[in-house]
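This report refers to the structure that appears directly beneath it.
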Amino acid sequence: MPRRDDLDEPPGSGAGPVVPVGTTAATPVDEPPVVARMVIEIRSDGRRTIARGALEDVASGQRTAIEARGSTPVQLALELARVMVRLPRLVVGQVRRRGLLGRGPR
6 MPRRDDLDEP
16 PGSGAGPVVP
26 VGTTAATPVD
36 EPPVVARMVI
46 EIRSDGRRTI
56 ARGALEDVAS
66 GQRTAIEARG
76 STPVQLALEL
86 ARVMVRLPRL
96 VVGQVRRRGL
106 LGRGPR
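Under our numbering, the first residue of the sequence shown carries the number 6, and numbering increases by one thereafter.
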């Protein structure tokens, strides 16, 4: 089975270029700097779907694990949203102070 990064993205998918591991893509001039990273791996056997990953605050280096389960894509999306809402208060507080949730500094 081909790896996902070996496949071309369909036209109009909105995905950026595929960058080989160990290299860095140049940040376009009109984009703000990276302040957080989120990586999620999704596994499914047709009956159940599990999403696992991590969220990292770039400035502090703080990381937290994320896991959600669902039997349909909608259930998985809702559970993932619930998990994000339940993130540790410290991480959420830092995200809010930096205005990453669209609310601006308090």
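Here a beta-carbon is modelled for each residue, glycine too, at the ideal position from N, C-alpha and C.
All values derive from a computational prediction rather than experimental measurement.
Could you give the DSSP three-state label for residue i: helix, strand or coil?
i     : result
Leu12 : Note that Leu12 scores a pLDDT of 49, beneath 50, so its modelled location is shaky; the value from the coordinates is reported in the next line. In the structure shown, Leu12 sits in coil (DSSP, three-state: anything other than H, G, I, E or B).
Glu84 : helix
Val34 : coil
Val44 : strand
Met6  : For Met6, the predicted model reports a pLDDT of 47, less than 50, meaning its position is unreliable; a value from the coordinates is still stated below. In this structure, Met6 counts as coil in the three-state DSSP scheme.
Pro25 : coil
One question on the structure: do residue i and residue j come within less than 8 Å of each other, judged by their Cβ atoms?
i     : j     : result
Glu36 : Ala56 : no
Gly58 : Val79 : no
Leu60 : Thr69 : yes
Val90 : Val63 : no
Ser76 : Arg53 : yes
Enumerate, from N- to C-terminal direction, the unbroken beta strand (DSSP E) stretches of 3 or more residues contained entirely within the region 58 to 84.
68 to 75
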